[in-house]
Amino acid sequence: MNKLKYINFFFVRSPLYSFDKFKMIPNNENNLDEFISTLWNDQIFKEALFIASMELYSEWETSIEKYPIGNVKRRKINISILKIILEFLREVLLLVYFRIIQQHK
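Take 269 as the starting number for the sequence shown in our numbering and just add one per residue.
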(Lines of atoms letter the chains of each structure in order from A and count residues from 1; the text may use other names and numbers.)
(Lines give C-alpha, C1' and ligand atoms only; values in the text may rest on other atoms or scores of the structure.)
Protein backbone atom coordinates (compact mmCIF):
# COMPACT_ATOMS: atom_id res chain seq x y z
CA MET A 1 0.00 0.00 0.00
CA ASN A 2 1.36 3.42 -0.99
CA LYS A 3 1.56 6.17 1.54
CA LEU A 4 0.03 9.50 0.69
CA LYS A 5 2.48 12.31 0.15
CA TYR A 6 1.42 15.66 1.51
CA ILE A 7 1.95 18.80 -0.49
CA ASN A 8 2.79 21.86 1.56
CA PHE A 9 1.29 24.47 -0.77
CA PHE A 10 -2.17 25.24 -2.07
CA PHE A 11 -4.02 27.43 -4.52
CA VAL A 12 -6.71 29.89 -3.55
CA ARG A 13 -9.22 30.68 -6.25
CA SER A 14 -10.78 34.07 -6.03
CA PRO A 15 -12.97 35.99 -8.45
CA LEU A 16 -11.34 38.52 -10.77
CA TYR A 17 -14.27 40.90 -10.58
CA SER A 18 -16.68 42.08 -7.95
CA PHE A 19 -20.42 41.87 -8.42
CA ASP A 20 -20.43 45.56 -9.34
CA LYS A 21 -18.63 44.72 -12.57
CA PHE A 22 -21.34 42.23 -13.44
CA LYS A 23 -24.06 44.79 -12.72
CA MET A 24 -22.73 46.67 -15.74
CA ILE A 25 -23.95 43.92 -18.09
CA PRO A 26 -26.79 45.47 -20.10
CA ASN A 27 -30.24 44.00 -19.75
CA ASN A 28 -31.10 44.54 -23.41
CA GLU A 29 -29.50 43.48 -26.66
CA ASN A 30 -29.21 47.03 -28.01
CA ASN A 31 -26.50 47.99 -25.50
CA LEU A 32 -24.64 44.67 -25.68
CA ASP A 33 -22.37 45.68 -28.57
CA GLU A 34 -21.17 48.80 -26.78
CA PHE A 35 -20.63 46.94 -23.51
CA ILE A 36 -18.59 44.18 -25.18
CA SER A 37 -16.58 46.81 -27.09
CA THR A 38 -15.56 48.47 -23.83
CA LEU A 39 -14.22 45.13 -22.59
CA TRP A 40 -11.59 45.24 -25.35
CA ASN A 41 -9.71 47.74 -23.13
CA ASP A 42 -9.90 45.43 -20.10
CA GLN A 43 -6.61 43.51 -20.17
CA ILE A 44 -7.66 41.05 -17.45
CA PHE A 45 -10.85 40.14 -19.31
CA LYS A 46 -9.02 39.80 -22.62
CA GLU A 47 -6.49 37.41 -21.07
CA ALA A 48 -9.25 35.40 -19.39
CA LEU A 49 -11.17 35.13 -22.66
CA PHE A 50 -7.99 34.13 -24.49
CA ILE A 51 -7.43 31.31 -21.99
CA ALA A 52 -11.11 30.26 -22.08
CA SER A 53 -11.33 30.25 -25.89
CA MET A 54 -8.49 31.28 -28.17
CA GLU A 55 -10.76 30.86 -31.19
CA LEU A 56 -13.43 33.21 -29.80
CA TYR A 57 -10.75 35.72 -28.79
CA SER A 58 -9.40 35.69 -32.35
CA GLU A 59 -12.88 36.15 -33.81
CA TRP A 60 -13.54 39.01 -31.38
CA GLU A 61 -10.31 40.74 -32.35
CA THR A 62 -11.21 40.43 -36.04
CA SER A 63 -14.77 41.64 -35.46
CA ILE A 64 -13.58 44.78 -33.65
CA GLU A 65 -11.21 45.64 -36.50
CA LYS A 66 -13.56 44.66 -39.33
CA TYR A 67 -17.20 45.14 -38.41
CA PRO A 68 -19.04 48.21 -37.09
CA ILE A 69 -21.15 48.08 -33.94
CA GLY A 70 -24.53 46.61 -34.82
CA ASN A 71 -23.20 44.27 -37.53
CA VAL A 72 -24.88 40.83 -37.46
CA LYS A 73 -21.60 38.87 -37.35
CA ARG A 74 -20.23 41.10 -34.59
CA ARG A 75 -23.45 40.69 -32.61
CA LYS A 76 -23.19 36.88 -32.78
CA ILE A 77 -19.62 37.04 -31.48
CA ASN A 78 -20.72 39.43 -28.73
CA ILE A 79 -23.46 37.02 -27.65
CA SER A 80 -20.85 34.25 -27.42
CA ILE A 81 -18.67 36.54 -25.29
CA LEU A 82 -21.67 37.30 -23.09
CA LYS A 83 -22.07 33.56 -22.49
CA ILE A 84 -18.44 33.41 -21.34
CA ILE A 85 -19.04 36.39 -19.03
CA LEU A 86 -22.06 34.61 -17.53
CA GLU A 87 -19.90 31.51 -17.01
CA PHE A 88 -17.36 33.67 -15.15
CA LEU A 89 -20.23 34.99 -13.03
CA ARG A 90 -21.42 31.47 -12.27
CA GLU A 91 -17.94 30.60 -11.00
CA VAL A 92 -17.91 33.71 -8.81
CA LEU A 93 -21.25 32.72 -7.32
CA LEU A 94 -20.00 29.21 -6.60
CA LEU A 95 -16.89 30.56 -4.87
CA VAL A 96 -18.99 32.88 -2.72
CA TYR A 97 -21.39 30.03 -1.91
CA PHE A 98 -18.58 27.71 -0.81
CA ARG A 99 -16.97 30.45 1.27
CA ILE A 100 -20.26 31.05 3.05
CA ILE A 101 -20.59 27.33 3.77
CA GLN A 102 -17.01 27.21 5.12
CA GLN A 103 -17.65 30.20 7.38
CA HIS A 104 -20.73 28.60 8.91
CA LYS A 105 -19.02 25.31 9.76
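Backbone N, C-alpha and C fix where the C-beta goes; we use that ideal spot for every residue, glycine too.
Quick one: give me the first and last residue of the alpha helix (DSSP H) that Glu329 is part of.
-> Start and end: Met322 to Lys334.
Please classify Phe277: is it buried, with 16 or more other beta-carbons within 10 angstroms of its beta-carbon, or exposed?
-> With fewer than 16 other Cβ atoms inside 10 Å of its own Cβ, Phe277 counts as exposed.
Endpoints, alpha helix (DSSP H) assigned at Asp301 | Leu300 to Leu307 is the span of the alpha helix (DSSP H), which, as asked, contains Asp301.
Give a yes or no on contact between the region 313-323 and the region 290-299, applying the rule of three or more CB pairs nearer than 8 Å.
-> Judged by Cβ distances under 8 Å, the region 313-323 makes no contact with the region 290-299, as fewer than three pairs qualify.
Measuring CB to CB, does Ile352 end up less than 8 Å from Ser321?
-> It is a contact, given that the beta carbons lie within the stated cut-off.
May I have the straight-line CA-CA distance separating Ile349 from Ile332, to the nearest angstrom?
-> Approximately 13 Å between the Cα atoms of the pair.
Proximity of Ile337 and Glu302 at Cβ, strictly below 8 Å | Yes; because the gap between Cβ atoms is below 8 Å, this pair is in contact.
Relative to the C-alpha of Glu297, which residue among Thr330, Asn339, Glu323 and Arg358 is closest?
-> With respect to the C-alpha of Glu297, the residue from Thr330, Asn339, Glu323 and Arg358 having the closest C-alpha is Asn339.
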